[in-house]
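Read the structure below first, then the notes.
Residue numbers (my numbering): 1 to 115.
The following block contains the structure:
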């Protein structure tokens, strides 16, 4: 009897876990509102509407992102995290989640033509 009860409990727990996986909030989804605020505060000074006031060709438009192989969330996250040339690093200013959200926002805006 105890083995059957243990098996039943295990089955119920596994079922509960599997069913709950479908209801996990999408914490991994981009927080667009927060990313837009971060962009406005941290990035728009140099990258207003996806442009670049320091180096015109190195802007955030899709054509430039593709040209410089920066057209993925991973690539954008890397440069936001570590910086490069005139671009400062934001690793100490933003959380990893904020950097991911910001990177997804930049890529999405580039795909929409920054409109």
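Glycine included, C-beta positions come from ideal geometry on N, C-alpha and C.
None of the values given here were measured: they were computed from a predicted structure.
So who's on the other strand from residue i, going by DSSP bridges?
{"i": "residue 116", "result": "What the structure shows of the chain is the stretch from 1 to 115, and residue 116 is not part of that stretch, so it cannot be assessed."}
Just to confirm, are residue i and residue j a CB contact at a threshold of 7 angstroms?
{"i": "residue 107", "j": "residue 38", "result": "no"}
{"i": "residue 60", "j": "residue 50", "result": "yes"}
{"i": "residue 54", "j": "residue 86", "result": "yes"}
{"i": "residue 110", "j": "residue 73", "result": "no"}
{"i": "residue 78", "j": "residue 99", "result": "no"}
**Report entry** Touching by the beta-carbon criterion (3+ pairs, under 8 angstroms), the segment 59 to 67 and the segment 85 to 100
**Finding:** no
Query raised in the report: Which runs of the alpha helix (DSSP H) fall wholly inside the segment 34 to 85 and span at least 4 residues, in chain order?
Result: 44 to 47, 62 to 67 and 73 to 82
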